Amino acid sequence: MVVYQDTHEARRRLFRMFFCHSRSSQFITYQVPFISPSKSSIVEVVKNFSYFHPQSVASSVFCVLPSLKMGVAGMSLTVKTDNTGSASALERGAVMRSSDPLPQSTPVVQGYDFNKGVDYKALLKSYKNSGFQATSLGLAIDEVNRMLDCREQPLDPLHSDITEEDPFIRRRSNCTIFLGYTSNMVSCGIRDSIRFLVEHKMVDCIVTTAGGVEEDLIKCLGDTYVGDFHLDGRILRDKAVNRIGNLLVPNNNYCKFEDWVTPRLDALLEEQRKEQKIWSPSTIIERLGKEIDDPTSILYWAAKNQIPIFCPALTDGSLGDMMYFHSYKNPGLIVDILQDVKRVNKMAVRAANSGMIIVGGGIVKHHICNANLMRNGADFSVFINTSSEFDGSDAGARPDEAISWGKIKKSARPVKVYAEASLVFPLLVGETFATRHFAKKSA
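For the sequence shown, the UniProt record's numbering begins at 1 and goes up steadily by one.
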């Protein structure tokens, strides 16, 4: 038996643990199981209201509560448990439930043991059984490797595509890989991972935003710098320095870009007038890739390797600004987006198998998924972004939602990694594309 002196603090703790009280009431009223000093009996302490707290019965806690009135001091409060000395059946039934057996194939959580030394290959392999988003990344690595296994299979002669006149959309392998990424991936160092994939012909089709196009070109003309997320925007504006997260782009880079791109736009317009050529976003991007002549560029390698880059929102960025200014100086340039819808959909429809790797969300994610709807869904899919589905956004939608639309096949095993891509995309590339590339070179 434990006895508490009836102080304000003791009463406050008791109320918080077991009872509900009315702050507006002068008296606090309880109905509780009560054991008198002589023998057990149930009494009711009544004033303004009664409240029966089920926990006091479930845990077999009994309180000796003489008439309590706020402000009365010097009274004793006794709390004791029942006399059985063991938990009730109700308690044990709630807490000590027996588990149903899990399937024998269920993985056991096991992280990497650094007592084995620093082995990054083994560390990444351990991710799949580590839990949370480490497991998601491990599953994404498996999914991309399945995609590449399919790609490396010989193409069925029935699926040969030698009659396709457009070399950019001609079927190349047993699995056509669509890569989508947002502009911030090019602003940061992920650009180099993407360039590696394009340089070595590891993907077949790219969909990106206007920033994904222009940032690649601008980096060939001037450097982007690492700054800080918390730099004062007012000060940066006065200094003509633009901030992308914790990256800094001097505005001079965009001035250089205008000087570089304006004569190219003049040339596009001239060809349109003389040759009746109608440009699409992807054919403009191809031309710019040829013109930049810089092997650090994604566009350079895409043009060289005849990998189409689709950008349905080509005007939504600095390139659009340059086109806007150009329309005053030299009006008349026409850009036909319908050509590109036909090209990207055609690639999906004609694919023997289809894989999607989408980094980020928005238009790039939907454009690739919608193209794969035309073939009743992609066979392999990996999404990497930080968005959640609670707001109904396309970016946040889980792969299961895409299955409901027919954009991913019902038989597929798609994976979404909830992570910031600059952390995980290079790891994904390293454990899949790059590993295979260097294994072939050393064979």
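Every residue, glycine too, gets a C-beta built ideally from N, C-alpha and C.
If you're wondering where the values come from, they're calculated on a predicted model, not measured in any experiment.
### Query
Given that a residue counts as buried once 16 or more other Cβ atoms are within 10 Å of its Cβ, and exposed if not, what is V424?
Flag for V424 reads buried.
### Query
Going by DSSP, which residues form a beta bridge with D279?
In the sequence on display, residue 279 carries Trp and not Asp. Answer is V335, bridged to W279.
### Message
Alpha carbons only, please: which of G131, G392, S183 and K121 is nearest the one belonging to V429?
### Response
The candidate whose alpha carbon is nearest that of V429 is K121.
#### Entry: Nearest residue (CA-CA) to K219, options Q276, N370, S297 and N330
Residue S297 is the option with its Cα nearest to K219.
### Distance CB(I334)-CB(A378) smaller than 8 Å
no
### Query
Across which residues does DSSP place residue 446 in a beta bridge pair?
The question about residue 446 has no answer here: the residues shown for the chain are numbered 1 through 443.
### Residue interval of the beta strand (DSSP E) (run including L123)
No beta strand (DSSP E) contains L123, which is instead part of the alpha helix (DSSP H) from Y120 to S126.
### Query
According to DSSP, which residues form a beta bridge with F196?
Per DSSP, none; premise fails for F196.
### Task
Would you decide whether G332 is buried or exposed? Buried here means 16 or more other CB atoms lie within 10 Å of its CB.
exposed
### Query
Just how far apart, CA to CA, sit S98 and R92?
11 Å
### Query
Straight-line CA distance for A210 to G245?
A210 and G245: Cα-Cα distance of roughly 18 Å.
### Query
Does DSSP put A351 in a helix, in a strand, or in coil?
coil
### Message
Measuring straight from C-alpha to C-alpha, what distance separates N305 and I368?
### Response
Those two C-alpha atoms are separated by around 20 Å.
#### Entry: T209 (DSSP reduced to helix, strand or coil)
coil
#### Entry: Cα-Cα separation between V203 and V144, rounded to whole angstroms
12 Å
### Message
Between which residues of its own chain and M70 is the CB-CB distance below 6 Å, once the five residues before and five after are set aside?
### Response
Its pLDDT being 38, under 50, M70 is placed unreliably by the model, and the measurement read from it follows with that caveat. Here the set comprises nothing.
### Query
Regarding A439 and the ligand SAM, is the C-beta to nearest heavy atom distance less than 7 Å?
Looking for the ligand SAM in the displayed structure turns up nothing, as the structure carries no ligands at all.
### Message
Can you look up V43 in the DSSP assignment and give me helix, strand or coil?
### Response
With a pLDDT of only 33 at V43, under 50, the local geometry of the prediction cannot be trusted, and the value read off the model is given with reservation. Three-state result, V43: coil.
### M147 - DSSP class collapsed to helix/strand/coil
helix
### Query
Quick one: what's got a C-beta closer than 6 Å to G406's C-beta in the same chain, skipping five residues either side?
L373, N376 and G377
### Task
Measure the beta-carbon distance from Q133 to V415 and round it to whole angstroms, keeping in mind my assumption that it falls under 8 Å.
At roughly 11 Å, the Cβ-Cβ gap does not stay under 8 Å, so Q133 and V415 are not in contact.
#### Entry: Residue of E152, V226, G180 and Q104 minimising C-alpha distance to C311
G180
### Query
Hey, is the stretch 222-235 in contact with the stretch 284-303, meaning 3+ C-beta pairs nearer than 8 Å?
no
### Query
If you run the structure through DSSP and keep just helix, strand and coil, what is F257?
Here F257 sits in helix by DSSP.
### Message
So, at 7 Å on beta carbons, what are the nonlocal neighbours of M147 in its own chain, with the 5 sequence-adjacent residues on each side left out?
### Response
C175, I177, G355 and F380
### Query
Among residues of its own chain, excluding the 5 on either side of Y254, which ones have a beta-carbon nearer than 6 Å to its beta-carbon?
S318.
### Message
Taking 8 Å as the threshold (C-beta atoms), are I337 and I206 in contact?
### Response
no
### Task
Pull up the distance between the alpha-carbon of S130 and that of Q110, whole angstroms please.
6 Å
### Query
In three-state terms, what does DSSP make of F168?
Coil, per DSSP.
### Task
Classify K201 as helix, strand or coil using the three-state DSSP reduction.
Coil at K201, not helix or strand.
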